[in-house]
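Everything below concerns the one structure shown next.
Numbering (the working numbering), first residue to last: 87 to 248.
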């Protein structure tokens with residue numbers, strides 16, 4: 087599988103999100119409960135959904151017990167009120183470093199380290215620098231859709247230096 091990093095424009099969107107505070111949960115179910123909470127709310131309120139986003143909001147230096155994680159799902163035309171720990175927020179249009187891969191073929195750890203190194207070289211070349219935490223973007227439910235799981239995109243917001 088070819089894996090290539092690129093800079094692209096991310097089209098902003100409105101999301102419904104839930105934040106989890108605590109350590110990383112092993113076993114492939116990290117944030118599944120939080121995503122299910124948003125899906126249940128969206129169905130109840132007849133809200134159309136789009137892309138799914140997963141992000142670690144804090145740096146790894148933050149103690150596990152205090153580390154914040156976010157599950158967010160794009161909402162389209164939502165008139166419903168946020169409730170039960172769900173909040174609305176906007177993801178702005180922005181430049182991102184991006185890579186799409188299949189976690190069954192390439193380890194996510196390799197992708198994250200590779201993207202970090204690639205961005206470090208862009209910084210040294212005075213082209214781009216990181217401007218926010220990385221996030222994973224799925225086209226749908228990665229637990230139910232093999233296609234969404236096999237095409238995970240990792241994005242890191244970047245700022246142009248020249």
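Don't be surprised by glycine CBs; every beta carbon is placed ideally from N, CA and C. As the structure is a prediction and not an experimental result, all values here were calculated from the model.
Contact between the region 211–218 and the region 101–108 is absent: fewer than three C-beta pairs spanning the two stretches fall below 8 Å. For residue 197, the enclosing alpha helix (DSSP H) has its first and last residue at 194–210. Classified as buried, residue 224 has 16 or more neighbouring CB atoms from the shown chains inside 10 Å of its CB. Looking only at 228, 186, 210 and 226, the smallest Cα-Cα distance to residue 92 is reached by 186. In the three-state reduction of the DSSP assignment, residue 234 falls in the helix class, which pools H, G and I. Runs of the beta strand (DSSP E) lying entirely within the region 154–183 and spanning at least 3 residues, in chain order: 154–162 and 173–177. If you check the CB distance, residue 121 and residue 101 do not come in under 9 Å.
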